[in-house]
Each structure stands twice: as C-alpha cells, then as structure tokens.
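Q: Going by my numbering, the sequence shown opens with residue 9, and the numbers climb by one from there.
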Amino acid sequence: MIRPKHFLWRLEGKVGVLTLNRPEKKNPLTFESYAELRQLFQGLQHESALKAVVLTGAGGNFCSGGDVHEIIGPLTKMQMPQLLEFTRLTGGVVKAMRSCPQPIVAAVEGVCAGAGALLALFSDLRYAKPDAKTAFLFTRVGLAGADMGACAMLPRVIGQGRAAELLYSGRSMSAQEGLAWGFFNRLADPVLPVAMEMAHSLAAGPSFAHGVTKKMLHQEWNAGLDEAIEMEAQAQAICMQTKDFQRAYEAFAAKRKPEFQGD
C-alpha cells in the first residue's frame, strides 16, 4: 500500500493519482519529497494491479521546482560529496519514472518550472491547461540547463534548436508553443479530466503490452535501426504469448470489444 507523506495519493480503479500538494508555494519539492518520489516510482514496479498513473499539482499549479529556501539555500553550503548525492537523487526520480511499467500521464496547469518541468518531461504523456507556463530555468540560478537528463530528453521531444533555446535562456514556454512543438499532447480546460480519461483508457488496455511499449521507447534511443527492429521483433513475440493477445483475437472474431486483464 502506497502512503506518501509529502504528496496526495489516491486510487481510482486501476489508476493512481499523485498530487503534488504544497499549493501555498506552487508545489515546490524538498530533499524529503524528492526521496519519496523516487521511492514511490520505484515501488510501482511491484504494484501489478496499478495500470496507469496521473501526475498533477494542487491549487492551480503543477510544480515550481526545488524549494528556494529548503533546497537551494542549503546547497550553497554543501561540499561536492553532498552535492553529488543530491543531484543523483534528483536524477534517480526520473530514472524511476522511466523504469516503472505504468504509463505516467501529466496534467499540467499554471507554473511548471525547474524540476517540475522535468517531472512533466519524463512523463509518458503530457496534457496542459492553456495557461500553463513551462520553464527549464536552471540558468536563472546560475546552473547549467543540464539537469536530471534535460539535455538528453528535451531535444528528443521538441528538437535540438528549440531545446537549446529553452535550456540556455530559461524562458517560459507557453502551452501553445508546447502543443505546436510536441511537448504537450493536447490542451484542455479543465485538464485533469482529460488526463484521467486517457489514464483510464490505458488502464483498460493490454497493460503488459503497454509496459513493453514504454520499455522499447526508452531502450531504442541507444540502438541502431537494425538492432531496434530485432528488439521489437523479440518484444512483440513475447506479447503474442499473452492472454490479452488471445482475448483480442477472440473478441475480434466475435465482433465485440476485448476486455484486457494485463496477463
């Protein structure tokens, strides 16, 4: 049973809803909440009944990044071993997001900045309210845009030139830009119901196969085309052994909608 201390967590059927919940400060993160996020996403690998996750923020904002006084202030007083421990912790959050088999759907509104922008970036699908402002603002505090995998992931999502502009300048990307550039899948107001609808749709689908799709989307970045084709041949052959694959065929033959069970 997942019982986070620093976030809200609820289940709606097979969908888990994770809400960043410090609305008075636009949902910033602390050392403790980073650690809990990493632990939560790592633990999802063992939550077979959970088929999808929605990530959102309370109070009209997604996440303002690391708390200025609770994180940035203390970091200025740390030595390299402690600094590296922290940056590996934050990187571990997005590694855990990539590794969990459940698709993660981000519902973004208001402020989505710094580490918050990375949480959105490393979600599998992103939906936004038209007022959302996304900023990779690390240069604004004297740091590199290279944070939590941003220099690797953002160019893959929106292209090298656009990513470079955002990471060098730290400026906000509007929701309309994000949609046009492929960062957001769709804009909606309100946005949470749209994200929930997609998550429930994914949860009702072939969840084992969704997990394979997620794994291949990440693993094939480092593969040549011939290698990727072979990886997908093996992955698809495994999926063809599942009962969901059999159910889909039987439903098609009977002209009815398949009822997937994830096995």
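Quick reminder that beta carbons are idealized off the backbone N, C-alpha and C, glycines included.
Under 7 Å, do N29 and F15 count as touching if we go by C-beta distance?
A: Locating residue 29 in the sequence shown gives position 21, where the first residue counts as 1. Locating residue 15 in the sequence shown gives position 7, where the first residue counts as 1. Contact flag set, yes.
Q: Three or more C-beta pairs closer than 8 Å, one from the segment 246–253 and one from the segment 80–95: is that the case here?
A: No, because fewer than three Cβ pairs between the segment 246–253 and the segment 80–95 fall closer than 8 Å, the two stretches do not touch.
Q: Identify which residue in K265, G186 and D271 has its Cα closest to the Cα of A136.
A: For the purposes of this step, residue 136 is taken as the residue at position 128 of the sequence shown. The option with the nearest alpha carbon to A136 is G186.
Q: Indicate the three-state DSSP secondary structure (helix, strand or coil) for F49 in the structure shown.
A: The residue you call residue 49 lines up with position 41 of the sequence shown. If DSSP states are grouped into helix, strand and coil, F49 belongs with the helices.
Q: Sort F49, T142, M239 and V116 by Cα distance to L133 and report the nearest one.
A: By 1-based counting over the sequence shown, the position of residue 133 is 125. Closest option to L133, Cα to Cα, is V116.
Q: Return the first residue and the last residue of the alpha helix (DSSP H) that M239 is part of.
A: Numbered from its first residue, the sequence shown carries residue 239 at position 231. Unbroken alpha helix (DSSP H) run through M239: L233 to C247.
Q: Give every residue of the same chain whose Cβ lies closer than 7 Å to the Cβ of K222, excluding the five residues on either side of it in the sequence, and list them in chain order.
A: Mapped onto the sequence shown, residue 222 falls at position 214. For K222, where only same-chain residues beyond five positions count, the Cβ hits under 7 Å are P109, P111 and D132.
Q: To test your reading of the DSSP string, which unbroken beta strand (DSSP E) runs of 3 or more residues are found completely within the segment 89–159?
A: Fully enclosed beta strand (DSSP E) runs of 3 or longer: 112–116, 119–121, 133–136 and 141–143.
Q: How far does the beta strand (DSSP E) with L187 in it extend, from its first residue to its last?
A: For the purposes of this step, residue 187 is taken as residue 179 along the sequence shown, with counting starting at 1. Note, L187: premise wrong, no beta strand (DSSP E); alpha helix (DSSP H) at A183 to W189.
Q: Does the separation of the CB atoms of V62 and A196 fall below 7 Å?
A: Start at 1 with the first residue of the sequence shown, and residue 62 comes out as number 54. Start at 1 with the first residue of the sequence shown, and residue 196 comes out as number 188. Not closer than 7 Å, so no.
Q: Can you give the Cα-Cα distance for F253 and S209, rounded to whole angstroms?
A: For the purposes of this step, residue 253 is taken as residue 245 along the sequence shown, with counting starting at 1. For the purposes of this step, residue 209 is taken as residue 201 along the sequence shown, with counting starting at 1. Their backbone Cα atoms lie some 17 Å apart in a straight line.
Q: Answer yes if the segment 39–49 comes into contact with the segment 97–107, meaning at least three C-beta pairs across the two stretches below 8 Å, and no otherwise.
A: Yes, the segment 97–107 is in contact with the segment 39–49.
Q: Based on Cα-Cα distance, which residue from R106, L127 and P89 lies nearest to G65?
A: Sequence index remark: in the sequence shown, residue 65 carries index 57 (1-based). Minimum Cα distance to G65 is reached at L127.
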